[in-house]
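Residues in the sequence shown are numbered consecutively from 1, following full-length UniProt numbering. First the structure, in the form of structure tokens, and then the observations on it.
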Amino acid sequence: MNTIQYGTLYGIGVGPGDPDLIPLKSVRIINRVEVIFAASSTKNEHSQAVTIAAPHIPENSDVRLLPFPMTKNQAEKEACWQAHARTIIAELETGRDVAFLTLGDSLTYATYGYVLKYVLALAPDAPVVTIPGITAYQAAAARVNRPLVEGEESLLVLSGVEGGHRLRQLSETVDNVVFMKAYRNAGDIIDALKEKHMIENSVAVANCCLANEEVIEDVNTLKQRKPGYWTLVLAKKKSTHEAS
1 MNTIQYGTLY GIGVGPGDPD LIPLKSVRII NRVEVIFAAS STKNEHSQAV TIAAPHIPEN
61 SDVRLLPFPM TKNQAEKEAC WQAHARTIIA ELETGRDVAF LTLGDSLTYA TYGYVLKYVL
121 ALAPDAPVVT IPGITAYQAA AARVNRPLVE GEESLLVLSG VEGGHRLRQL SETVDNVVFM
181 KAYRNAGDII DALKEKHMIE NSVAVANCCL ANEEVIEDVN TLKQRKPGYW TLVLAKKKST
241 HEAS
């Protein structure tokens with residue numbers, strides 16, 4: 001019986017937007033893999049991850065976009081993840097090394113993570129190497145020179161797509177919170193921060209590390225405007241370490 005000699009799948013987080021924030025290890029891999037995959041919307045042929053990594057991608061690279069639907073239908077999403085996993089596995093079965101580029105960190109709210117589960121299930125013998133990347137909230141904290149956690153504090157990272165309900169559920173044991181994708185229901189996020197007495201120690205960053213980056217010191221203004229997709233909020237309870 002023939003044993004498949006798989007190539008290696010590399011999951012690469014390209015960071016929040018600045019090409020200089022991509023790990024050196026990832027750059028070396030991008031320069032030598034035979035195929036580079038990245039996610040795009042079914043509505044267009046654009047990949048922000050490819051745009052970020054572009055300065056490091058060789059001119060003759062085989063870059064392929066995998067379209068993902070923007071839908072809440074779970075069955076449709078899972079069918080898409082499985083189909084893309086099979087596409088990647090088909091390349092691995094030829095012995096070719098491939099990379100999957102994703103925004104921020106490879107395994108933090110990342111498209112790669114959904115596809116990875118199916119790759120591991122459908123081709124358990126295929127070698128997979130996942131390389132971490134800098135998250136948008138780490139970059140945002142650095143941008144405003146704000147520690148994410150100190151001492152024995154806790155940090156809660158949430159998706160803000162559905163609003164602030166998860167903060168309401170979990171806030172009693174949380175010192176610091178990050179809302180990723182704080183765009184569609186930004187108003188409810190602001191209300192939740194007020195309810196939990198975190199609004200005064202909150203800041204928002206939009207398009208971190210991109211040319212149109214914006215630091216929003218008064219997060220209350222997010223209730224009067226429609227923030228962009230790449231908006232996140234950093235918030236905290238008053239810290240015992242805070243200078244007075």
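All C-beta atoms, glycine included, are put in the ideal place defined by N, C-alpha and C. Since the structure is predicted, the reported quantities are computational estimates derived from the model, not experimental observations.
Status (buried if at least 16 other CB within 10 Å, exposed otherwise) for residue i
i	result
glycine 7	buried
leucine 193	buried
lysine 236	buried
aspartate 62	exposed
proline 58	exposed
methionine 70	exposed
alanine 75	exposed
histidine 84	buried
isoleucine 4	exposed
methionine 1	Low local confidence applies: a pLDDT of 49 at methionine 1 is under 50, so the model's placement there is unreliable, and no value is given.
proline 127	exposed
histidine 241	Residue confidence for histidine 241 is low, a pLDDT of 48 falling below 50, so the modelled location carries little weight and cannot support an answer.
serine 159	exposed
lysine 181	buried
valine 233	buried
alanine 211	exposed
leucine 24	exposed
threonine 102	buried
Presumed contact (8 Å Cβ cut-off) between residue i and residue j, rounded CB distance
i	j	result
valine 14	alanine 49	5 Å
leucine 231	alanine 206	At residue 231 the sequence reads threonine, which differs from the leucine that was named. Contact holds; Cβ gap of about 4 Å.
arginine 64	valine 35	6 Å
isoleucine 131	leucine 9	The Cβ separation is near 11 Å, so there is no contact.
valine 157	valine 178	5 Å
glycine 220	isoleucine 189	According to the sequence as given, residue 220 is asparagine; it is not glycine. Not really, about 11 Å apart at Cβ, beyond 8 Å.
glycine 11	phenylalanine 100	5 Å
phenylalanine 168	glutamate 195	Here residue 168 turns out to be arginine, not phenylalanine, going by the sequence shown. Confirmed, about 7 Å.
proline 19	histidine 56	6 Å
asparagine 176	leucine 148	6 Å
leucine 21	cysteine 208	Not confirmed; about 10 Å, so no contact.
Simplified DSSP assignment, three categories, for residue i
i	result
asparagine 47	First, the amino acid is wrong: residue 47 is serine here, not asparagine. Coil.
isoleucine 216	strand
threonine 8	coil
lysine 236	strand
threonine 3	coil
threonine 173	helix
threonine 221	helix
alanine 204	strand
glycine 187	helix
isoleucine 131	strand
residue 262	In the structure displayed, the chain extends from 1 to 244; residue 262 sits before or after that span and is not available.
leucine 167	helix
leucine 210	coil
lysine 226	coil
Minimum Cβ-Cβ distance from residue i to chain D less than 8 Å
i	result
aspartate 20	The chain inventory of the structure shown lacks chain D, comprising one protein chain alone.
TODO: Evaluate contact between the region 117-134 and the region 211-227, counting only Cβ atoms and requiring at least three cross-stretch pairs below 8 Å.
DONE: no
Open item on the list: Does the contact criterion of 3 or more C-beta pairs under 8 Å hold for the region 102-109 versus the region 128-135?
Closed with: yes
Task: Three CB pairs or more closer than 8 Å across the region 156-165 and the region 138-145 - done: no
TODO: Any chance you could list the alpha helix (DSSP H) runs of at least 4 consecutive residues sitting entirely within the region 18-77, in chain order?
DONE: 24-30, 48-53
- [ ] Quick one: which unbroken beta strand (DSSP E) runs of 3-plus residues sit fully inside the region 86-123? Chain order, please.
- [x] 98-102
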